[in-house]
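Undergrad: Residue numbers (my numbering), protein chains in the order written: chain A, 201 to 442; chain B, 201 to 442; chain C, 201 to 442; chain D, 201 to 442. Glycine included, every Cβ here is placed at the ideal spot set by N, Cα and C. Values in this document were obtained by computation on a predicted structure and should not be read as measured data. Questions regarding the structure given below will be posed in turn.
There are 4 protein chains.
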Amino acid sequence: MIRVTIWNEFRHEQTEPVKSIYPQGIHEAIAKGIAAEDLEIRCATLDEPEHGLTDELLESTDVLLWWGHIAHKAVSDEVVAKVRARVLRGMGLIVLHSGHYSKIFQAMLGTSCSLRWRQVAEKERLWVVDPSHPIVKGIPQTFTLEHEEMYGEPFGIPDDGKIVFMSWFQGGDVFRSGVTFQRGSGKIFYFQPGHETFPTYYDVNVLKVIGNAIRWAVPADTGFAWDCPRCEPVEPIPPAGE
Amino acid sequence: MIRVTIWNEFRHEQTEPVKSIYPQGIHEAIAKGIAAEDLEIRCATLDEPEHGLTDELLESTDVLLWWGHIAHKAVSDEVVAKVRARVLRGMGLIVLHSGHYSKIFQAMLGTSCSLRWRQVAEKERLWVVDPSHPIVKGIPQTFTLEHEEMYGEPFGIPDDGKIVFMSWFQGGDVFRSGVTFQRGSGKIFYFQPGHETFPTYYDVNVLKVIGNAIRWAVPADTGFAWDCPRCEPVEPIPPAGE
Amino acid sequence: MIRVTIWNEFRHEQTEPVKSIYPQGIHEAIAKGIAAEDLEIRCATLDEPEHGLTDELLESTDVLLWWGHIAHKAVSDEVVAKVRARVLRGMGLIVLHSGHYSKIFQAMLGTSCSLRWRQVAEKERLWVVDPSHPIVKGIPQTFTLEHEEMYGEPFGIPDDGKIVFMSWFQGGDVFRSGVTFQRGSGKIFYFQPGHETFPTYYDVNVLKVIGNAIRWAVPADTGFAWDCPRCEPVEPIPPAGE
Amino acid sequence: MIRVTIWNEFRHEQTEPVKSIYPQGIHEAIAKGIAAEDLEIRCATLDEPEHGLTDELLESTDVLLWWGHIAHKAVSDEVVAKVRARVLRGMGLIVLHSGHYSKIFQAMLGTSCSLRWRQVAEKERLWVVDPSHPIVKGIPQTFTLEHEEMYGEPFGIPDDGKIVFMSWFQGGDVFRSGVTFQRGSGKIFYFQPGHETFPTYYDVNVLKVIGNAIRWAVPADTGFAWDCPRCEPVEPIPPAGE
């Protein structure tokens, strides 16, 4: 059983037009859309104590999803530090859409995570770049979202981003829309679709990608601490002066 | 003229035995050791106001060197954020020895930057892994430091670290001792030798590596901001509903 | 059931001292050492017709192991081309020891795959570099082989080699001794231990690494061809001249 | 002075419509377009003896450009092997357009180098992905070619391809249209524009990119052989049995 936690800022959904699209919140739409027998899904949101991300929850989470947008700064640095430490020890992290500018994504990658953008409800077309990747299992070579926010290159991420999807936008832009990273023992997947004013998280392909990514990001249970231990020589060192 | 700033914690040098080895500080030893006609070298230290890293100095710095050890936590988060932003816009960053655990190195890479260590004055042998890299120009295929602190794998860095040097330690360990990264427009080089109780920064090969790294890390003057601009379509978008 | 084919040059084993160490050949020693319920293991050797690598065998192989040394040139270019094409479509490839200089490894990577070497029966110590990698499951942080051939840096491989193991040699050298690559849909693992005059393929850790690597390299069954199809526009192109 | 050799298949230019666009051949158009004081430019074509690529020419070439299309198979394996060996020792290689399917590009990368394609004279829009890269110096953030052949993802290249340009095509496709690699001591740049029936090699941006790439690909003169030398221990090995 994979223990999934979906974290959502859950602010846009308080008012229209987002309220009508995601009445229970983006997190609940995703939770329902990816529901499966091998997934135990919990949700957490910004305005809960500790943003809902208690130590207990983080320790018992295999894969964390993150959706945020207008309230990135409201996320406490302490929680970000905890999530980062947990990812380095193995927890998978799936960052969605505007989460590119979240504190946690920037803290994991070190770069700006910046991009160019425009919201004119244009068509996005996604392309599978690595057909052998487990994240694209069951996904067609290309699929479209009729209305999405444009995110365009240059995307401020490190060079070890393994490209799984690239996107074409009607207005003339391109973007690395699905990219994986490893940081410490943790696997990270960034997936670009998901603007709050469109029903993207009801799209069958988007949901399948998220579900695949969860199974891909499950940590090996290594228990490795990534700390700085002092240690003894394992081979004999000649006496000083030799 | 390349504008170099050498930043040093400058705490160990207040007392013996480090005081005798580096009486003017590690920064001054490096400054003297790499002095050359194409380099304009300034120094800055922890206990100066703003740690000596004013906005004016950072903006006029092409390449920043960083040595820190016992006082990583004393470096203000505000200064770290400024240095990180400057690197993303192009400033080169050369992180030395125990600087692997500095706030700035962790902030740039996102990972733990952890490693295994031991200080028993053993011999270190460095190997050139990429003989074509500008950082190894004039450096022999292998060279030794008679006494160094051991830093051993696993080293908690991202996978895009381009390996320039790998090291062998008498006590049985190995380490990626010279590694480059690009973050935003900035080039980063981590170089492991340099424990404060040894005269490492008087070694001719170590100094040559640092000098080469400075020339390699000089930024292209792009002025690119790595921010998130809203932008207009560059190709015509069909009217809604089509 | 994972279908494994162990390919061996099987020339050294015709004479002493290798004959006494591996009387049925290196391939049979490995086959016995990694035997498990989820593995269906077949062997093939150089002097069989088509080197034992018929189209049928290749098509029904999930993971191919490769050991060669003195007869790399005797492997036909046609067979190499077939194996390469099969790897690109997804077959896993595990290249052992002196196989670094095989035609197939060079054909997959494009580089020289060269290294420095010495055979004086020195001790090798391997270190786990990525404790979260499935290939190191059950392997201690470090383990030794009392007598191995030294392979030393620089190792002529591309920069996307993901380092799983690094080695320390008594005589002063270091080496990236366990490295993974992806080429097309195929996963590749190079593992350095295995000189023919030592009983390396009876070592419990070496066998466990090979077994882990087989499970890691199993292909996703994508059927993707990696060919160059002509294709139609998927978005409307304005009439010429617009 | 950088010694540049432009290699061209020079077959399409024998007949219309290509003859009228490139009456002296694609190679001469490029040579004229990139002419500069720091470049010494020579040309070589398929139908010359040894395809014009004598040992003398290769040894005295710093950067080789390669354009081929309908006659990839007519290039001798011996010449390909020589070019590959020269690249590994440091010669820069710039592969243009349909050269993605040349023997030399496939030999350097090991992968299929396959892609999806269509020739309907649609518009291509290129985007700069790394604004700090020397190859994009003086190039606007985006520029267009009114008529190009579409090359689309998935592009069968290894994961260490550093992306410099990505392209958008009117018909709905995307492509990594400018990508760098290092193989041995040699730098490689693949640049996608350049279909023979369009005047692409008269475009000011295309020419500037090629010129920048030449300066970027100039080899460090290391003389490193990337061969397999036997070598002696550099650290003392305890007597056998210890």
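Got a sec, what are the start and stop residues for the beta strand (DSSP E) D/His300 sits in?
TA: D/His300 -> no beta strand (DSSP E), and no H or E assigned at all.
Undergrad: Verify the CB distance criterion: does C/Ser314 have a CB-CB separation below 8 Å to chain D?
TA: So, interface residue.
Undergrad: What does A/Ser385 touch in chain C if you count any residue whose Cβ is under 7 Å from its own?
TA: Residues of chain C passing the Cβ test: Pro331 and Ser332.
Undergrad: To the nearest angstrom, report how far apart A/Glu442 and D/Pro433 are at their CA atoms.
TA: Interpretation of A/Glu442 is limited by its pLDDT of 45, a score under 50 that renders its predicted location unreliable; no figure is taken from the coordinates.
Undergrad: Among B/Tyr222, B/Asp427 and B/Arg242, which has the Cα closest to the Cα of A/Ile357?
TA: Comparing Cα-Cα distances from A/Ile357 to each of B/Tyr222, B/Asp427 and B/Arg242, the minimum goes to B/Asp427.
Undergrad: Can you find at least 3 beta carbon pairs, one from the stretch 238-248 of chain D and one from the stretch 417-431 of chain D, that sit closer than 8 Å?
TA: Verdict: no, contact absent.
Undergrad: Within 7 Å: the Cβ of B/Trp266 and any heavy atom of the ligand NAP?
TA: No copy of the ligand NAP appears in this structure; indeed no ligand is present at all.
Undergrad: C/Asp277: which of C/Ala307, C/Gly252, C/Ser298 and C/Leu296 sits nearest, CA to CA?
TA: The shortest Cα separation from C/Asp277 among C/Ala307, C/Gly252, C/Ser298 and C/Leu296 belongs to C/Ala307.
Undergrad: So which of A/Pro436, A/Val336, A/Thr205 and A/Met201 has the shortest CA-CA distance to A/Asp364?
TA: Contrary to the premise, residue 364 of chain A reads as Val rather than Asp in this sequence. The shortest C-alpha separation from A/Val364 is found at A/Val336.
Undergrad: Identify, in the order they occur along the chain, each residue of the same chain with its Cβ nearer than 6 Å to the Cβ of B/Lys387, setting aside the five sequence neighbours on each side.
TA: Contacts found: Gly292 and Ala417.
Undergrad: Let's test the definition: count the other Cβ atoms within 10 Å of the Cβ of A/Gly338 and tell me whether it reaches 16, buried, or not, exposed.
TA: Exposed, because fewer than 16 other Cβ atoms sit within 10 Å of the Cβ of A/Gly338.
Undergrad: Enumerate, from N- to C-terminal direction, the unbroken alpha helix (DSSP H) stretches of 4 or more residues contained entirely within the stretch 264-346 of chain B.
TA: DSSP runs (the alpha helix (DSSP H)) wholly in the stretch 264-346 of chain B: 277-288 and 303-309.
Undergrad: As a quick exercise: from B/Asp360, B/Ser314, B/Leu315 and B/Met201, pick the residue whose alpha carbon is nearest that of B/Ser260.
TA: Ranking B/Asp360, B/Ser314, B/Leu315 and B/Met201 by Cα distance to B/Ser260 puts B/Met201 first.
Undergrad: Leaving out five residues on either side along the sequence, give the residues of the same chain with a beta carbon under 6 Å from the beta carbon of A/Asn208.
TA: Only Gly225, Ile226, His227, Thr245 and Trp267 meet the Cβ criterion.
Undergrad: Cβ closer than 7 Å: which chain D residues qualify as neighbours of A/Arg325?
TA: Near A/Arg325 (Cβ distances below 7 Å), the residues of chain D are Gly372.
Undergrad: So what does B/Leu239 bridge to, in DSSP terms?
TA: According to DSSP, which records beta bridges pairwise, B/Leu239 is partnered with B/Ile202.
Undergrad: Output yes if chain A places a C-beta closer than 8 Å to the C-beta of B/Val283; else output no.
TA: Not closer than 8 Å to any Cβ of chain A, the Cβ of B/Val283 fails to qualify, so no.
Undergrad: Using the beta-carbon of each residue, which ones in chain D are nearer than 7 Å to B/Phe424?
TA: Within 7 Å Cβ-Cβ: Pro331 and Ser332.
Undergrad: What do you get for A/Pro438, buried or exposed, if any count of 16 or more other CB atoms within 10 angstroms of its CB means buried?
TA: The residue in question, A/Pro438, is exposed, as its Cβ has fewer than 16 Cβ neighbours within 10 Å.
Undergrad: Would you kindly work out how many angstroms separate the C-alpha atoms of C/Val275 and C/Lys303, rounded to a whole number?
TA: Going by the C-alpha atoms only, they are around 8 Å apart.
Undergrad: Let me check one thing: in DSSP terms, what residues is C/Ile388 bridge-paired to?
TA: DSSP lists C/Leu293 and C/Phe381 as partners of C/Ile388.
Undergrad: Tell me the residue span of the alpha helix (DSSP H) that contains A/Ser260.
TA: Unbroken run through A/Ser260: none, as it is neither H nor E.
Undergrad: With a threshold of 16 other CB atoms inside 10 Å of the CB of C/Pro393, please say whether the residue is buried or exposed.
TA: So C/Pro393 counts as buried.
Undergrad: Would you mind stating whether D/Glu353 and D/Val379 have Cβ atoms separated by less than 8 Å?
TA: Against a cut-off of 8 Å, the Cβ pair of D/Val379 and D/Glu353 comes out as no contact.
Undergrad: Roughly how far, in whole angstroms, is the beta-carbon of A/Leu296 from the beta-carbon of A/Phe391, given that I think they are within contact range, below 8 Å?
TA: Contact holds; Cβ gap of about 6 Å.
Undergrad: Report the rounded CA-to-CA distance for D/Phe355 versus C/Arg383, giving the unit in angstroms.
TA: Roughly 12 Å between the two C-alpha positions.
Undergrad: Alpha carbon to alpha carbon, what distance is there between D/Gly310 and B/Phe305?
TA: For B/Phe305 and D/Gly310, the distance between alpha carbons rounds to 35 Å.
Undergrad: Given D/Gly290, which residues of its chain have a CB within under 6 Å of its CB, disregarding the five upstream and five downstream residues?
TA: Ser385, Gly386 and Pro419, listed in sequence order.
Undergrad: Output needed in chain order: residues of the stretch 348-366 of chain A with a Cβ under 7 Å from some Cβ in chain E.
TA: No chain E is part of this structure, whose protein chains are labelled A, B, C and D.
Undergrad: By a C-beta neighbour count over all protein chains shown, 10 Å radius and 16 as the cutoff for buried, is B/Gln214 buried or exposed?
TA: B/Gln214 comes out exposed.
Undergrad: For A/Tyr351 versus A/Ala229, is the C-beta spacing smaller than 8 Å?
TA: Cβ atoms of A/Tyr351 and A/Ala229: not closer than 8 Å.
Undergrad: Could you spell out the range, first to last residue, of the alpha helix (DSSP H) harbouring B/Trp416?
TA: Val404 to Ala417 is the extent of the alpha helix (DSSP H) around B/Trp416.
Undergrad: Which residues does DSSP list as the beta-bridge partners of B/Gly233?
TA: Note: B/Gly233 sits in no beta bridge, so no partner.
Undergrad: Helix, strand or coil for C/Tyr222? Go by DSSP, reduced to three states.
TA: The answer is coil: DSSP assigns C/Tyr222 none of H, G, I, E or B.
Undergrad: Is the separation between the beta-carbon of A/Arg286 and that of A/Glu240 shorter than 8 Å?
TA: Against a cut-off of 8 Å, the Cβ pair of A/Glu240 and A/Arg286 comes out as no contact.
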